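Numbering (mature numbering (1 follows the signal peptide of the UniProt record, and there is no 0)), first residue to last: -23 to -1, 1 to 529.
Backbone N, C-alpha and C fix where the C-beta goes; we use that ideal spot for every residue, glycine too.
Since this is a predicted model, take the numbers as computed values, not measurements.
This is the structure in structure tokens:
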């Protein structure tokens, strides 16, 4: 026997895997502020969100516009766009547990001819800018979902009141866009899923030309995985109406995601309402307006004397017009219609809302899980949560059957949530329906590790009751082999540390993982040591040693 000694001292590299996650996963939406997630990494980790979403306005940032015509691409602006870099830095800091969604906002209303025809220079410039963006900072390799469009009912509109738009040309554009994206994916080895959208207020727009155009692309183009819906509701039942219409009227059977949702339209008409009797009971005047109260408590929070969460919540719940527990109501709809990913406002970027409210201010901040300026900071320096939404957010998150799902090339790590039935059975089958694994959940552990899977292979994973009724299910795909040399990596998944060996060749017979010379499992509560090594034994008897330092 001889030793093949190859020591690789490397920093931790968190890799992006193309594993899907269970339905109804919660996330954080940052809209155009894609440079902001990097500033809230610890809050995002603490919240245990599964998705982070942002959008890029392609025409405003990256296209040359002359007299209402697209005349070129600002390649240097794309390649030096710092928010893009920070978006990717946030993905790498959060690791495999959190998946990223990028939406492409393309408001054709900026141009005199609205939607360009397929084959025109104008359309080619859009595609060129998108391809450069996806290659810049390896954007395409760090996103799980790419959404074509952002509320096109208005952004393509010839008449915004009627939502009259160029439906046929937009349908042709989306089909061509999806096909181009697929070609680039195949050429570059990219694995993100393509969605169309995001349709907003579907139940309010029965005569829209854009809605059926987008839906037809989703239903008929095999390169499109699903549809993104936005629900900015005026009434609390609108989420149900929007999803029902998409599933029942338009017959969409593919995946649905919801990357924006709120009830801000129901709140805005009341921004100048008086505090009334509640005001006199709490030390304010009855005539003080809501916007004046919000300005006042923002000042108090800024000086270190914020009002209590109880006071804040009691004000809004004193009004009959406030839709109590709307977040819970929406989430129940998302579950009912099997919504794959859900990203509501996480916080509102300071400066992203008006510094001082007035009688015309839109109350977007009330739809965030955390407040950036109303209730101060907690002991860890994080924003205090929004008491109107946070309890329902936590209940939804903690009621999930699966808390985390992370995989590599040959294994799948499932961290079970509070909603899982620990008497259930885990079933894994391959794409042919052949049973790969069937086992009872471990009553002493809150996770399951499935090993000996095949790289680059699709699997169906389900949690079953004793009578084989399905409690939870998902379709996942293991990561493909991407190199000729083995790699040793580790990452944190909730309170666990997961060790992974990638790119193992076919002639490997076994391996051992050690921490400071002591053998360990690949799933651990922590890694209390300095040097992580893997001893890889080949069928010819040779041994290769991989090594990495453990960063604290």
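Through-space distance from residue j to residue i, alpha-carbon basis
| i | j | result |
| --- | --- | --- |
| residue 108 | residue 224 | 32 Å |
| residue 74 | residue 221 | 30 Å |
| residue 534 | residue 194 | There is simply no residue 534 to check, as the chain begins at -23 and stops at 529 in what is shown. |
| residue 413 | residue 34 | 44 Å |
| residue 489 | residue 516 | 15 Å |
| residue 237 | residue 209 | 7 Å |
| residue 464 | residue 478 | 6 Å |
| residue 536 | residue 272 | There is simply no residue 536 to check, as the chain begins at -23 and stops at 529 in what is shown. |
| residue 429 | residue 124 | 33 Å |
| residue 293 | residue 496 | 56 Å |
| residue 499 | residue 427 | 12 Å |
| residue 452 | residue 20 | 29 Å |
| residue 406 | residue 437 | 5 Å |
| residue 235 | residue 162 | 24 Å |
| residue 227 | residue 246 | 32 Å |
| residue 244 | residue 409 | 51 Å |
| residue 68 | residue 341 | 25 Å |
| residue -3 | residue 382 | Summary for residue -3: the model assigns pLDDT 35, below 50, so the residue's position carries little reliability; its value from the coordinates is reported in the next sentence. Whole-angstrom Cα-Cα distance: 6 Å. |
| residue 25 | residue 15 | 15 Å |
| residue 115 | residue 288 | 46 Å |
| residue 531 | residue 396 | No answer is possible for residue 531: it lies beyond the span of the chain, which begins at -23 and ends at 529. |
| residue 386 | residue 65 | 23 Å |
| residue 441 | residue 471 | 24 Å |
Residue i classed as buried or exposed, judged by whether at least 16 other C-beta atoms fall within 10 angstroms
| i | result |
| --- | --- |
| residue 59 | exposed |
| residue 336 | exposed |
| residue -8 | With a pLDDT of 28 at residue -8, under the threshold of 50, the modelled position of this residue cannot be trusted, and the question is left open. |
| residue -20 | Interpretation of residue -20 is limited by its pLDDT of 38, a score under 50 that renders its predicted location unreliable; no figure is taken from the coordinates. |
| residue 122 | buried |
| residue 219 | buried |
| residue 528 | exposed |
| residue 415 | exposed |
| residue 545 | Any question about residue 545 goes unanswered here, given that the chain covers just -23 to 529. |
| residue 167 | buried |
| residue 503 | exposed |
| residue 486 | exposed |
| residue 508 | exposed |
| residue 328 | Any reading at residue 328 must be qualified, since the residue scores a pLDDT of 48, below 50, and its modelled position is unreliable; no value is offered. |
| residue 443 | exposed |
| residue 523 | buried |
| residue 494 | exposed |
| residue 526 | exposed |
| residue 186 | buried |
| residue 358 | exposed |
Check: residue i C-beta below 8 Å from any heavy atom of the ligand SAM
| i | result |
| --- | --- |
| residue 259 | The model on display carries no ligand, and the ligand SAM is accordingly not part of it. |
For residue i, the first and last residue of its enclosing beta strand (DSSP E)
| i | result |
| --- | --- |
| residue 392 | 389 to 393 |
| residue 238 | 232 to 239 |
| residue 473 | 473 to 479 |
| residue 405 | 402 to 407 |
| residue 281 | No beta strand (DSSP E) holds residue 281; DSSP gives it neither H nor E. |
| residue 525 | 520 to 526 |
| residue 497 | 495 to 497 |
| residue 508 | 508 to 515 |
| residue 414 | 412 to 417 |
Bridge partner(s) assigned by DSSP for residue i
| i | result |
| --- | --- |
| residue 34 | 82 |
| residue 555 | The chain is shown only over -23 to 529; residue 555 falls outside these bounds and no answer can be derived. |
| residue 7 | BP columns for residue 7 are empty, so no partner. |
| residue 316 | 233 |
| residue 125 | 81 and 173 |
| residue 42 | 47 |
| residue 362 | 347 |
| residue 205 | 234 |
| residue 500 | 475 |
Under 9 Å between C-beta atoms of residue i and residue j
| i | j | result |
| --- | --- | --- |
| residue 318 | residue 126 | no |
| residue 261 | residue 268 | no |
| residue 369 | residue 304 | yes |
| residue 175 | residue 128 | yes |
| residue 36 | residue 42 | yes |
| residue 434 | residue 455 | yes |
| residue 30 | residue 6 | yes |
| residue 172 | residue 211 | no |
| residue 439 | residue 403 | yes |
| residue 241 | residue 344 | yes |
| residue 380 | residue 394 | yes |
| residue 206 | residue 182 | no |
| residue 367 | residue 391 | no |
| residue 239 | residue 350 | no |
Where the alpha helix (DSSP H) through residue i begins and ends
| i | result |
| --- | --- |
| residue 162 | 144 to 165 |
| residue 373 | 367 to 375 |
| residue 218 | 215 to 221 |
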